[in-house]
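Remarks on the structure that follows.
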Amino acid sequence: MDELIYMDHHATTPVHPEVFEAMKPCLMENFGNPASTTHMVGKLAYEATENAREMVARLINAQPEEIVFTSGATESDNMAVKGAGEALQKSGNHIITCRVEHKAILEACKFMEKKGFNVTYLPVDKYAMVDPADVEKVITDKTILVTIMMANSEVGTIEPIKEIAGVAHNKGVLMHTDAAQAAGKIKVDVHDLGVDLLSLSGHKMYGPKGVGAMYVKKKTKLTPLFHGGGHEKKRRSGTLNVPGIVGLGEACAVAIRDMSQDSERVRKLRDKLYEGITSRIERVYLNGHPEKRLPNNLNLTFEFVEGEGLILSLKGVAVSSGSACTSDSLESSYVLRAMGIPDWLAHCSIRFGLGKSNTEEQIDYVIGLLVKNVARLRAMSPLS
Ligand SMILES: *Cc1c(COP(=O)(O)O)cnc(C)c1O
Numbered sequence: 010m011d012e013l014i015y016m017d018h019h020a021t022t023p024v025h026p027e028v029f030e031a032m033k034p035c036l037m038e039n040f041g042n043p044a045s046t047t048h049m050v051g052k053l054a055y056e057a058t059e060n061a062r063e064m065v066a067r068l069i070n071a072q073p074e075e076i077v078f079t080s081g082a083t084e085s086d087n088m089a090v091k092g093a094g095e096a097l098q099k100s101g102n103h104i105i106t107c108r109v110e111h112k113a114i115l116e117a118c119k120f121m122e123k124k125g126f127n128v129t130y131l132p133v134d135k136y137a138m139v140d141p142a143d144v145e146k147v148i149t150d151k152t153i154l155v156t157i158m159m160a161n162s163e164v165g166t167i168e169p170i171k172e173i174a175g176v177a178h179n180k181g182v183l184m185h186t187d188a189a190q191a192a193g194k195i196k197v198d199v200h201d202l203g204v205d206l207l208s209l210s211g212h213k214m215y216g217p218k219g220v221g222a223m224y225v226k227k228k229t230k231l232t233p234l235f236h237g238g239g240h241e242k243k244r245r246s247g248t249l250n251v252p253g254i255v256g257l258g259e260a261c262a263v264a265i266r267d268m269s270q271d272s273e274r275v276r277k278l279r280d281k282l283y284e285g286i287t288s289r290i291e292r293v294y295l296n297g298h299p300e301k302r303l304p305n306n307l308n309l310t311f312e313f314v315e316g317e318g319l320i321l322s323l324k325g326v327a328v329s330s331g332s333a334c335t336s337d338s339l340e341s342s343y344v345l346r347a348m349g350i351p352d353w354l355a356h357c358s359i360r361f362g363l364g365k366s367n368t369e370e371q372i373d374y375v376i377g378l379l380v381k382n383v384a385r386l387r388a389m390s391p392l393s
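Every number in my numbering is 9 more than the matching position in the sequence shown, counting from 1.
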């Protein structure tokens with residue numbers, strides 16, 4: 010195949026054509042500052058961002074006033090950990106999270122440890138799943154925040170957020186979830202989940218990079234990361250990124266319209282890929298929960314085949330050997346390690362992240378390439 014086969018949609022997604030069309034006027038004609046509404050130029054920009062706010066809110070069943078625009082999920086995650094920590098430090102200094110979170114949560118938590126907070130990094134089971142009973146065991150009177158991601162970016166496992174939020178709320182503790190991988194792919198309903206804070210990112214759901222949102226339930230106390238003009242009801246100062254926000258809003262509108270159909274189509278392609286691989290290649294293991302998993306995720310270990318080498322042999326196919334954020338170092342993925350997968354097997358793992366652009370033909374082609382190259386690499390391996 011001449012075309013690039015993109016199967017790394019957990020790292021990022023292309024901007025949807027409808028998102029691009031919606032953003033275009035915001036760079037030139039509709040260039041106003043939404044905070045300068047004494048004239049028409051500002052008013053138009055204000056209307057555009059408020060329309061986007063409405064769309065983001067609708068995607069997650071929140072109120073528009075509860076949506077704060079940010080620069081992405083990294084900022085939203087930092088806002089949750091540092092903002093809640095700062096705002097609630099009189100009530101306690103304990104934060105609960107888990108070992109398979111995105112670095113944005115893990116590093117923000119490490120920073121809080123330097124500030125005198127205690128952080129519990131809960132273990133996960135072999136599927137990368139957190140047990141709500143473990144949250145209950147470690148929660149104390151000093152706990153101020155529980156933050157557990159909704160869906161894992163490497164193995165796609167969907168965490169029991171509703172149950173964990175129940176445990177947190179029984180103790181009057183704030184609950185945050187990072188839904189960057191979940192939003193637009195599976196149902197995300199803040200009321201059903203019972204969360205107080207939720208992070209999203211534009212570029213993980215066919216919107217632009219550098220924009221995201223944070224759901225902040227009404228009356229939740231949170232110290233802002235940025236101080237300035239008091240934008241976003243004083244929760245996040247800084248002139249709004251109008252093109253980005255409009256793009257995020259349109260991406261949410263597209264997701265509301267297309268998600269169930271799209272996810273079903275992608276799930277079928279993912280299952281076809283899995284069946285094609287496992288019926289033709291031996292000693293392949295699935296990482297992540299067999300059912301409670303994102304419809305677009307397939308993380309596999311090919312025993313005795315070094316993942317980086319396999320990726321290099323898949324010419325024209327973009328996949329990842331673990332978390333994109335750490336793949337420049339040769340350390341095995343901390344997510345796979347936390348699941349109890351030994352280093353040597355973790356190094357034999359590949360993550361396929363399917364998305365809108367993938368087709369049946371591409372799946373057949375990739376299966377063929379894998380069959381050929383896994384056999385070749387195994388023949389060369391001294392271990393197999
Ligand atoms: C990508 C991602 C982030 C970071 O989002 P950015 O918008 O790129 O800052 C955070 N958490 C998860 C789970 C992600 O997948």
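Glycine residues also receive a C-beta, built at the ideal position from the N, C-alpha and C atoms.
Quick caveat, the model's predicted, so the values are computed rather than measured.
The closest CA to that of Val-204, considering only Glu-75, Leu-379, Leu-319, Asn-382, is found on Glu-75.
Leu-154 carries a strand assignment under DSSP once its states are collapsed to helix, strand and coil. Taking Glu-312 as reference, the option from Gly-325, Ser-329, Glu-300, Ile-290 with the minimal CA-CA separation is Ile-290. Counting C-beta pairs with one atom in each stretch, the stretch 279 to 294 and the stretch 316 to 330 have fewer than three that are closer than 8 Å, which means they do not touch.
Runs of alpha helix (DSSP H) with 4 or more residues, each lying fully within the stretch 117 to 200, are found at 141 to 147, 170 to 179, listed in chain order. Straight across, the Cα-Cα distance linking Lys-226 with Leu-321 is about 45 Å.
The beta carbon of Val-109 lies closer than 7 Å to those of Val-133, Ala-137, Asn-161, Val-344, Ala-347 in the same chain, with the five residues before and after it left out. When the Cα atoms are used, Ser-80 and Gly-101 turn out to be separated by approximately 29 Å.
Beyond the five residues adjoining it in sequence on each side, Leu-303 comes within less than 6 Å, by CB distance, of Ala-160, Gly-165, Lys-194 in the same chain, given in chain order. In this structure, Ala-191 is the residue among Val-220, Arg-244, Lys-180, Ala-191 with its C-alpha nearest to the C-alpha of Pro-169.
Boundaries of the alpha helix (DSSP H) harbouring Ser-322: 316 to 322, taken from the DSSP string. Looking at the DSSP output, Thr-106 bridges to Tyr-130. Secondary structure of Met-32 (DSSP, three-state): helix.
Counting other Cβ atoms within 10 Å of its Cβ, His-48 stays below 16 and is therefore classed as exposed. Note that the stretch 137 to 151 does not touch the stretch 117 to 124; fewer than 3 beta-carbon pairs, one per stretch, sit closer than 8 Å. Annotation for Lys-213 indicates a beta carbon within 7 Å of some heavy atom of ligand 1. For the pair Val-199 and Leu-209, the CB atoms are not nearer than the 8 Å cut-off. Cα atoms of Ile-148 and Arg-387: separation of roughly 47 Å, rounded to the nearest angstrom.
About 6 Å separates the beta carbon of Gly-316 from that of Cys-357, a gap short enough to meet the 8 Å contact definition.
A distance below 7 Å between beta-carbons, with the five flanking residues on each side excluded, links Tyr-224 to the following residues of its chain, in chain order: Ile-69, Ala-71, Glu-75, Ile-76, Val-199, Leu-206, Leu-207. When C-alpha distances from Gln-98 are compared across Ala-44, Ile-359, Leu-154, Leu-115, the shortest belongs to Leu-154.
Excluding sequence positions up to five before and after Val-128, its CB lies within less than 6 Å of the CB of Ile-104, Cys-118, Glu-122, all in the same chain and listed in chain order. Counting C-beta atoms within 10 angstroms of its own C-beta, Arg-266 has fewer than 16 neighbours from the protein chains shown and is therefore classed as exposed.
Contact between Gly-362 and His-19 holds: CB atoms are separated by about 4 Å, below the 8 Å threshold.
Residue burial annotation: Glu-38 is exposed, with fewer than 16 other C-beta atoms found within 10 angstroms of its C-beta.
Residue pairing by DSSP places Leu-206 opposite His-185, Val-225 in a beta bridge.
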